[in-house]
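**Q**
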Amino acid sequence: MTRRHLSAAYAAALLLAAEPARGESYPLGTVVFGSLDAAPSSFAANGVKVNLDRHGGSGVVILASGGFGRRFETLVCACGTRIFVARLARYTASASTLAGYQWAGDRGIVALYSGPEAALEALMDGGGIGLLPARFGLRLQGEIWAHPTADTLVNGTLILGSARGDLWSRLAVGYRLWGAFLGPEASLYADRSGYGKANLGLHATDVPLWRYNMRVSAGVQFESGRSAPSPYLSLTFWMNLQ
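Dropping the structure here:
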């Protein structure tokens with residue numbers, strides 16, 4: 001992801017190409033995708049990934065995406081001798097256009113991207129809405145989609161953004177059952193505002209649905225400002241256009 005991870009990515013790419021296995025589940029070509037995370041903290045996104053190698057293998061990749069989310073925050077204000085506690089809703093719209101390279105092998109892929117991003121946020125309470133200044137920055141993204149054996153999956157993603165000072169990561173492992181990969185997943189999000197959340201759950205990845213492939217995840221979400229965990233449901237769809 002960052003410079004210190006670059007050599008590790010090269011090593012992982014060599015490992016992925018070392019031994020034939022079933023790696024067809026990762027969409028290597030031009031792909032359209034969409035996702036929805038439904039929980040007290042929710043987010044929806046869609047985008048397109050374009051592989052400039054017409055054969056859909058290793059090569060330069062363009063990744064463009066946009067999304068919209070909402071979360072609730074607790075604000076404590078000490079004003080003189082009085083303390084006020086407010087419950088706010090934060091709405092966020094974000095977009096990015098990244099360029100990178102993916103190393104593809106029979107065992108899966110490793111990909112690294114970077115590029116500009118933008119974010120626009122608004123805060124809302126019972127008394128009105130406040131629009132925050134637009135922010136622009138750099139996004140770095142890395143992912144691995146690997147099949148250590150023909151019937152196992154390891155999927156990891158790491159995203160760092162400077163526009164909102166945020167980090168998002170996800171790690172999942174799975175075993176092939178009933179035509180999909182089933183197993184546990186964990187994800188973590190944090191940003192410069194001090195907000196954070198963590199998800200722990202189960203996923204079914206590479207579920208065929210007409211012309212699409214789908215990932216379904218469900219579990220519990222631990223969120224800053226909440227004393228008890230909440231359930232979450234996540235849906236991701238993608239379709240290979242090549």
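Under the numbering used here, the first residue of the sequence shown is numbered 1, with each subsequent residue one higher. Glycine is no exception: its CB is placed at the ideal position from the N, C-alpha and C atoms. Here the structure is a predicted model, which is why all the values come from computation and not from measurement.
Which two residues bound the contiguous beta strand (DSSP E) that contains Tyr175?
**A** Residues 166-177.
**Q** Report the rounded CA-to-CA distance for Gly29 versus Phe237, giving the unit in angstroms.
**A** Those two C-alpha atoms are separated by around 15 Å.
**Q** I need the straight-line Cα distance from Ile129 to Phe136, nearest angstrom please.
**A** Roughly 22 Å separates the two Cα atoms.
**Q** Could you tell me the boundaries of the beta strand (DSSP E) in which Thr236 lies?
**A** From DSSP, the beta strand (DSSP E) with Thr236 extends over 230-240.
**Q** State buried or exposed for Gly127, treating a residue as buried only when at least 16 other CB atoms are found within 10 Å of its CB.
**A** Under this definition Gly127 is an exposed residue.
**Q** Would DSSP call Gly47 helix, strand or coil?
**A** Gly47 falls in the strand class under three-state DSSP.
**Q** Tell me whether Thr205 sits in a helix, a strand or coil according to DSSP, three-state version.
**A** Strand at Thr205.
**Q** In whole angstroms, what separates the C-alpha of Leu171 from that of Ala89?
**A** Cα-Cα distance, rounded: 28 Å.
**Q** Note the first and the last residue of the continuous beta strand (DSSP E) segment covering Ala118.
**A** Residues 108-125.
**Q** Just checking my contact of Glu121 with Tyr91 at CB under 8 Å: how many whole Å lie between their CB atoms?
**A** Going by Cβ atoms, the distance from Glu121 to Tyr91 rounds to 7 Å, so yes, they are a contact pair.
**Q** Do His147 and Gly108 count as a contact pair if the criterion is CB distance below 9 Å?
**A** In this structure, His147 lies closer than 9 Å to Gly108 by Cβ.
**Q** Could you say if the stretch 175-187 and the stretch 159-166 meet the contact criterion of at least three C-beta pairs nearer than 8 Å?
**A** At 8 Å Cβ cutoff, the stretches do not touch.
**Q** Taking the beta strand (DSSP E) that Ala218 falls in, what are its first and last residues?
**A** 212-223 is the span of the beta strand (DSSP E), which, as asked, contains Ala218.
**Q** Give me, in chain order, the residues of the same chain whose beta-carbon lies closer than 6 Å to that of Ile264; leave out the 5 immediate sequence neighbours on both sides.
**A** Since the first residue shown for the chain is 1 and the last is 242, residue 264 is missing from the structure and cannot be characterised.
**Q** Reducing DSSP to helix, strand and coil, say where Leu132 ends up.
**A** Leu132 falls in the coil class under three-state DSSP.
**Q** Do you know offhand how far Trp168's Cα is from Asn213's?
**A** Taking the straight line joining both Cα atoms gives about 23 Å.
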